[in-house]
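Just remember that the numbering used here sits 22 ahead of the position in the sequence shown, which is counted from 1. Here's the structure, in structure tokens; my notes come after.
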Amino acid sequence: MPQKLPRVGITMGDAAGIGPEITVKSLAHPELYDLCHPVVLGDARVIRKAVAMTGTAWDVVSIGIDEQPAAQPGRILVVDYKNVDPATYEMGVVNAKNGDAAVHYTKEAGRMCLDGRLQAMVSAPLNKESMRAAGHRYEGQTQILAELCGAKRHGMAIILDTLRIMLLTTHMSLSEAISKVKKERVESMLELAWDLLRFIEIPDPVIAVSGLNPHAGEGGLFGREEIDEIVPAIEACREKGINVVGPLPADTVFHRAHQGEFSLVLALFHDQGLMAVKLVGFGHAVTLLAGIPIIRTSTGHGTAFDIAGKNIADHTNLYKAIVLAGQLGKKKLTDSLG
């Protein structure tokens, strides 16, 4: 009997960005169909336009939300919401209707994961300006899914082969991010990171915490956040059995993790973690949500409006996100089948 494969939903993102292009290019890899049954959530007209632009020449098949045909090389299955007409927008231009549609695809994929119609979901990028022009005030897709799941705590991990980074804070000003470095928040994120490492079955995991200040504060000489907030959080987590070290100077901890010394680094603000990832593997990192009952991966980049519609976008990032979602979705499916 052939092995049952997980169904993985791919939201096409903002129609005016590179999402449809990189979705089509990724699904043109026939080996994906040995890993999962991919299905796109979006507008079939947009996907057909992307197929024509990229020259992939695969059939685009519209399906209903409750249909579950087997995916196979040569055709792209699209749960077709018919809500974005390519004749009504320009590539690379902010459009509220596109932003609203992209939010809708994310919510729909999340609901399908929750009710078992999908085992995992992958997000092509949406555009925050377009989303907000439509009246949505989310920071991004992470917050959309957290709200949908009723998750009170959640986090985003960035995975680049063996380098894994979780962010304490994401899209906010640096001054606000610093104000969020509190014992309770650090402790909660370390617990999420530990649960994530166990879920993806990392053997003998070790988490490192990056320092906030130069030299991790150097004993209070350059700031007291490490002493007053970070160290107490680390000590509390150790008492719970979490193998965590730090805080360690940010100018060396990511290099050490890249060399395999640590399983994951908790970075304390957005650019601290993202600069490290993009320096060693720009365009190849995948993000994975922790703290919600959904397996969700995404690209580590945005809609790239400057190159949208030019057939020059690199799809490697989304392809790797689909592969990871398929691998984790298979694990979830296997666990559910006993």
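The beta-carbon is built from N, C-alpha and C at its ideal position, and this holds for glycine as well.
_Continuous alpha helix (DSSP H) stretch holding Ile166: start and end_ = Gln163 to Cys171
*Could you give the distance in angstroms between the alpha-carbon of Trp216 and the alpha-carbon of Thr184?*
15 Å
_Sequence-distant residues of its chain with Cβ nearer than 6 Å to Glu247 (five each side left out)_ = Val203 and Leu234
*Just the C-alpha distance for Pro24 and His59, rounded to the nearest angstrom, thanks.*
Residue placement at Pro24 is poorly supported in this model, since its pLDDT is 44, which falls under 50; the coordinates are not used for a value here.
*Pick helix, strand or coil for His337, following the three-state DSSP scheme.*
coil
*asked:* Judging by CA-CA distance, which residue of Met143, Gln141 and Gly313 is the nearest neighbour of Arg220?
replied: Gly313
*Taking only beta-carbon atoms, is Ile187 less than 9 Å away from chain B?*
Considering every chain present, this structure includes no chain B. It has just one protein chain.
_Please identify the residue among Val144, Arg139, Ala118 and Pro315 whose C-alpha is closest to the C-alpha of Thr128._
Val144
*Just checking, does the segment 83-102 make contact with the segment 50-70 on the three C-beta pairs under 8 Å criterion?*
yes
*In three-state terms, what does DSSP make of Gly360?*
Low confidence applies here, because Gly360 scores a pLDDT of 48, under 50, leaving its location unreliable; read the following figure in that light. If DSSP states are grouped into helix, strand and coil, Gly360 belongs with coil.
*asked:* Which of the three DSSP states is assigned to Asp273 in this structure?
replied: helix
*Three-state secondary structure (DSSP) at Met143?*
strand
_Neighbour-count burial assignment, Met211, 16 or more Cβ in a 10 Å radius_ = buried
*Would you mind sorting Thr325 into buried or exposed? The rule is 16 or more other CB atoms within 10 Å of its CB.*
buried
*Under the rule that 16 or more other beta-carbon atoms within 10 Å means buried, what is Val115, buried or exposed?*
exposed
*Beta-bridge partners of Leu99, as assigned by DSSP*: Val83
*Identify which residue in Ala37, Asp293, Leu340 and Leu63 has its Cα closest to the Cα of Ala109.*
Ala37
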